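Shown next, in structure tokens, is the structure this report addresses.
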Amino acid sequence: MKTTIITACFGLFIGFACVEGQAKELTVDEIVRKANHMALYQGADGKGKVTMVIKDKQGRIRKREFNMLRKNDDNKDRDQKYYAFFQAPADVRKMVFMVHKHGALEKDDDRWLYMPSLDMVKRIAAGDKRTSFVGSDFLYEDISGRSPAEDKHELIKTTDRYYVLKNIPRKPDNVEFEYYLAHIDKKTFLPMKMEFFKKDDRLYRVIESIKVEEIQAEENGKKVAYPTVTVSLAKDMDNGSSTEMTFSNARYNIGLSSKIFTERYLRRPPRKAMR
Amino acid sequence: MKILKNTLINFSINHYKLATLLMALFTVAMCAFFPRVEIDTDPENMLPKDEPKRVFHNETKKQFSLSETVVVGIVNERDPDGVFNPATLKRVYELTEFAKTLRWQDGERIDRLSGVIEVDMLGPSLVDHMSQGGPGEIKFEWLMSRPPETREEARAIRDKAFSNPMLKGRLFSEDCEVICIYLPLTDKHLSYRINTELNKKIEQMDGDEEYHIAGVPVAEVAIGVEMFSQMAVGSPLAMAVIFCLMLLFFRKWRLVILPMIIAMFSVMSTMGLMIALGFQVHILSSMIPIFLMCIGTVSSIHILSEFFDVYTNEKGRKETIKEVMNTLFVPILYTSLTTAAGFASLTFTPIPPAQIFGAFLSIGVMIAWLYTVIFVPAYIMMIPKRKLENFGMSARQKEDRSLLTKTLRATGNLTYNHAKPLLGVMTIVVAVAIWGTTQIRVNDNYAKRFVKSHPIRKADMALNKHLDGTYTAYLILEGRKPDKLTEKEARNISRNMVVFADQIEAEFKNAPELARGITKIIPGLAGQSRSYEDFLNSIIRHIDQRRENASDDDFYAYDELRTYIGVEKERLKVFKRPEVLEYMAALQHHMEESGLIGKTTSVVDAVCKVNQEIIDGNPENFRIPDKLQGVAECYFQFQQGHRPNDLWHMVTPDYMSANIWMQLKSGDSSDMKSAVKAVDTYFKENPPPVDLTHRWAGLHYINLVLQDKLIPTMLRSFLGSFLVVFIMMSFLFRSLRWGLLCMVPLTITILTIYGIVGISGKDYDLPIAVLGVLALGMAVDFAIHFLQRGRGKYGETGSWKVTTAMMFGEPARAISRNVLVIAIGFLPLLVAPLVPYKTMGIMLFAIMTLSGVITLLALPALLTVAEKWFFKKVRKAASPPVKGPGKFTPSEILSEESEG
């Protein structure tokens, strides 16, 4: 990396050198912090419609559709609330999945499940978050985000476009991977590719950001654009399956009330937020 | 015929070096293909590739992602907690972790690994556990994320495991003494390597546990290994035995080595040819060497035997061999042809390995014939004359006093003096045998192919003792979406949607009005729809259009109506319907209760288990939800675990096909048959709530398909070859009644053999089934030799009494020698560790002995009783039609007189 910077500094393209100069000041932790923010914490709140197309080894397809609401609890990129309302398949419509995510490592997330056919709310016990999310190739942790504090980070490469981070779990017993590599876009700081490895550097899982869109929003009365991953793809090499997740109708800073993210609203979804 | 005979014999005698060279060259050329040998032990290949049931089996495997699986059973019968103690569980964990690493790069493809499919592996550390956390809390976790430290923790794992009926009797035994790790393979051919690696690992592990490695792929590989050892050990052993026997009879190793050379060259040529033509060696074709070894020697033994008796120093080798070949050319050709025809009839069976076996055995027999005809005279010409001194006559004098000679003479007398009682006894034997054949039980068992001391057989016994069965068959249920839409269905949808809208009026006050609006266009939509599903889709599209620009209140009401139609659409997916699952549950229960099936597993069990845990964990909630949405939620929750894809081994993602895993405790195909029948009966007596087809898959079932084909096809091919041989015999003797007579000994032999099989309760499986056809081809040889020469001699003597005496001289001796050589020659099959080989060895020994004995008893007895009827024509026509021995040798007169 050093050589790159030196070469760049001696270059004639001042602007280019400036970008590199800026990068030089960034520590690994800063990259991680920024990436974490961009991936999960943009805006004070947000909503959108998520469509998942799960394709198995034989090319057979299953679909999932849900509306997603998110609200940050503070500006520290720590605690967050999620609310997922299922639309399809029709026979599980109205099922709701809610998370109160806690940034602190020692505090487990609170998770709830509402099952409309039984009209019953269940809490999901703390524990493993590396289970499949609705039968797709995304895991729960991929959706609500893996806390940066869970891993040790190491910048192993810088390319024209990416910072490549190697992330090694602090508690290897809790996860199925040995480490993962994250390709962070140098400009947007969005994670563009995550590669999960098992023992012997065997790549078995990849999540890629296929499409990034600038979503217009207002922040404190000013117009802003949030770069948002609208299409992403998770591939499981072991199963030979893949899931394409599309995020549409994305909106930020819509003023979601905290009370939506309570048990009471699991049974009666907030209508306005749903359309 | 004459031209063929003279050409061949003259060629052989006059150009004996060239003849030898040709034979050797062809053999060497064929041997060059040996390195290309491929072994096929795949039980699937017992059926043709396009056999519908095999095709379905493979479709099923693909549809439900089922792989061939190696099972590792860990047994602890000593610990009070069985396998659920910290030490054993630690070893189970260690072995599981080790098994995960058994993967290797797939040939040249760097991106692909082959070996154990980690995601589909089953083991205590690899399966999910769903349970109650705190009150109102549901918990998803691994059953054993790490090995327990204390006994309490180990027992807790046991209790968790017991709470999941899907694991009981499969992952662990209910007596807690066994845990199994299931290792599905990308390619079953890797099982040998995996087995070896596992055994290496197991050897390093200490502790009281016993380890068993089982599963069809392991058994297949083991059979392949034993096949090689059979061919490498069994055939040479047979050769050694035959050599010793012949040395005993002929005493001249220079002569005895001749049949050995012929047999060996025939075997090598035939196997080489088979490999050269690209056929794989299957368990049946691996027996070709031993068959040819025995059959290939027969003709040359006949020639030798005759040569031995006829040779005199005065005549010399050239004249003697000419005379002998003249006498024996026709019978040898016919015996070879009939044997070949018998084997060739196997090519008409729909069982590919039997076809290849039959085809190449018959080719091999003809190769052996050719080698015999061209090489035997050539070889004799190559023996220096002086080496034949004291051969023949003088030796024969000794022979006259031997036990064999005496016994045969006594037999001859018996058949002449007590012909009627003898035939009476045989009739009784045949009657009993016919009854016996009706008792035959068709059955095969893959595991029982191994002797009891074999590790595979031991594993099979140990695991089935504890578990609910290790033999898996799949019952595939398939539903159908209605392809037509009836007017009534369309009306029902309209009406029910309105009823639904009225029900939700309190919450969505516009719903009834909007619903009625939709019903107006429903008849139109119905008219344009090709199917029910198509119809529902068009309603949904229509609602979407209306919803688009509707007010918020209308939007939500439309959403509800849309969902209502959406659920109706889901209802077409039959395995989401509670009543269908109830039907499956009842069927499973029925099969388990009947005792035919050890354990059944299906989506029903998954749905019930999830339902129980998402409600409150109470065992009474281990049931199928009442509503389709409830079932759907269970499916949904199941997929939220660590192993969502486990669901697709039981149901297809479109929920139109379901797979009930049936575990059988026995590998007997007859038990599989009972299970198939029981399911058929159940479906007949209890019609399913929707249109459901049921079909079976799984190797265990494929084995049954083969068994079901055995009797009819083998009977057909047996009757076919019986007819062919009969026609050939009638042609040979130019007489239908002689042709028929020729069939008598083999008919009695085969009936007796199958009678014994039936009465003794020995399972009728593939090796036994092909035996009948083999026996036919081989047993007829003795009758040909006996009748051919008997007629010739009768033509000269004109009296059966005199002929009998002569027949029980040299001809009977030749037959007896042959019987002994072949029968005993097959016995080395007994050293094989595979049961089918042993069976073949014993059965062939019995068949050869019996047919020899029956030929020597039944034929002379029948001829004695019906002398006039049979010999009327012979006397008239004398000998011309049959080119038998034209002259009477002095030695035969001598032997006849000495009997006096």
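Line by line, the protein sequences are chains A and B. The first sequence: position 73 = 73 (the working numbering), numbered continuously. Just so we're on the same page, the working numbering is the position in the second sequence counted from 1, plus 1000. Positions of the beta carbon are idealized from the N, C-alpha and C atoms, including for glycine. All values reported here derive from a predicted model rather than from experimental measurement.
Quick one: grab the DSSP three-state call for S1898 of chain B. Low per-residue confidence applies at S1898 of chain B: pLDDT is 32, beneath 50, and the placement is therefore not dependable, though the value from the model is reported in the following sentence. If DSSP states are grouped into helix, strand and coil, S1898 of chain B belongs with the helices.
Taking the C-alpha atoms as reference points, what is the distance between A1814 of chain B and H1302 of chain B? 6 Å
With a threshold of 9 Å between beta-carbons, can E1141 of chain B be considered close to chain A, or not? yes
Looking at the strands, I want to know which residues DSSP matches up with Y179 of chain A. A:F197
Please confirm if N239 of chain A has its CB atom under 9 Å from at least one CB of chain B. yes
Alpha carbon to alpha carbon, how far is L1485 of chain B from R974 of chain B? Give it in angstroms, no decimals. Since the displayed chain B opens at 1001 and closes at 1900, residue 974 of chain B lies outside it and no answer follows.
Just curious, the alpha helix (DSSP H) that Y1794 of chain B is in, first and last residue? 1766 to 1797
Counting only Cβ-Cβ distances shorter than 9 Å, please list the residues of the segment 1640 to 1659 of chain B near chain A, keeping chain order. Q1640, G1641, H1642, R1643, P1644, N1645, L1647, W1648, T1652, P1653, D1654
Whole-Å CB distance - N1510 of chain B paired with D1554 of chain B, under 8 Å assumed: 6 Å
What does a CB cutoff of less than 8 Å around T1855 of chain B pick up in its chain, not counting 5 residues either side in sequence? P1745, A1779, F1782, A1783, F1786, I1815
9 Å is my cut-off, CB to CB: does L1628 of chain B come that close to chain A? yes
Taking the beta strand (DSSP E) that D976 of chain B falls in, what are its first and last residues? Residue coverage of chain B in this structure runs from 1001 to 1900, which leaves residue 976 of chain B outside it and unanswerable.
Taking Cβ-Cβ distances shorter than 8 Å, what residues in chain B pair up with V134 of chain A? F1636, Q1639, Q1640
For R249 of chain A, which residues in the same chain have their Cβ closer than 8 Å to its Cβ, ignoring the five residues on either side in sequence? The sequence shown places Asn at residue 249 of chain A, rather than the Arg named in the question. The answer, listed in chain order, is K47, G48, K49.
Reducing DSSP to helix, strand and coil, say where D236 of chain A ends up. strand
For the segment 1102 to 1131 of chain B, enumerate the residues whose C-beta is nearer than 7 Å to any C-beta of chain A, in chain order. E1118, V1119
Could you pull the DSSP bridge partners for P1043 of chain B from this structure? For P1043 of chain B, which the question treats as bridged, DSSP gives no partner whatsoever.
Buried/exposed call for N1010 of chain B, threshold 16 Cβ in 10 Å: exposed
Rounded straight-line distance, which links the Cα of S1125 of chain B to that of S1145 of chain B: 5 Å
So with CB distances below 8 Å, who are the chain B contacts of M95 of chain A? E1633, F1636
Considering only C-alpha positions, which residue in the set B:V1330, B:A1024, B:M1121 is nearest to V1267 of chain B? B:A1024
Residues of its chain near T230 of chain A, where Cβ-Cβ distance is below 6 Å and the 5 sequence neighbours each way are ignored: K211, E213, F247
Does the beta carbon of Y109 of chain A come closer than 9 Å to any beta carbon on chain B? Inspection of the sequence shows that residue 109 of chain A is occupied by Asp rather than by Tyr. Not one chain B Cβ lies under 9 Å of D109 of chain A.
State whether the segment 1250 to 1262 of chain B contacts the segment 1293 to 1313 of chain B, with contact taken as three or more CB pairs (one from each stretch) at a distance under 8 Å. yes
Using beta carbons (cut-off 9 Å, strictly below), is V1028 of chain B in contact with chain A? no
Out of B:G1852, B:G1527, B:I1179, B:G1809, point me to the one whose CA is closest to K1490 of chain B's CA. The identity of residue 1490 of chain B in the sequence shown is Ala, whereas the question assumes Lys. Nearest option by C-alpha distance: B:G1527.
Cβ-based burial, H1649 of chain B [other Cβ within 10 Å; buried from 16]: buried
Proximal residues to A1433 of chain B (C-beta, below 6 Å), its chain only, five neighbours per side dropped: L1751, T1752, G1755
Quick one: give me the first and last residue of the alpha helix (DSSP H) that R1078 of chain B is part of. Per DSSP, R1078 of chain B belongs to no alpha helix (DSSP H) and is neither H nor E.
Going straight from the alpha carbon of T262 of chain A to that of R1571 of chain B, what length do you get? 33 Å
M1205 of chain B beta carbon less than 9 Å from that of R1091 of chain B: yes
According to DSSP, simplified to helix, strand and coil, what is P1352 of chain B? helix
Using only alpha-carbon positions, find the residue among B:E1209, B:Y1334, B:P1135, B:I1157 that is nearest to C1742 of chain B. B:Y1334
Could you tell me the distance, in whole angstroms, from the CA atom of V1580 of chain B to the CA atom of L1587 of chain B? 11 Å
Quick check on H1542 of chain B: does DSSP put it in helix, strand or coil? helix
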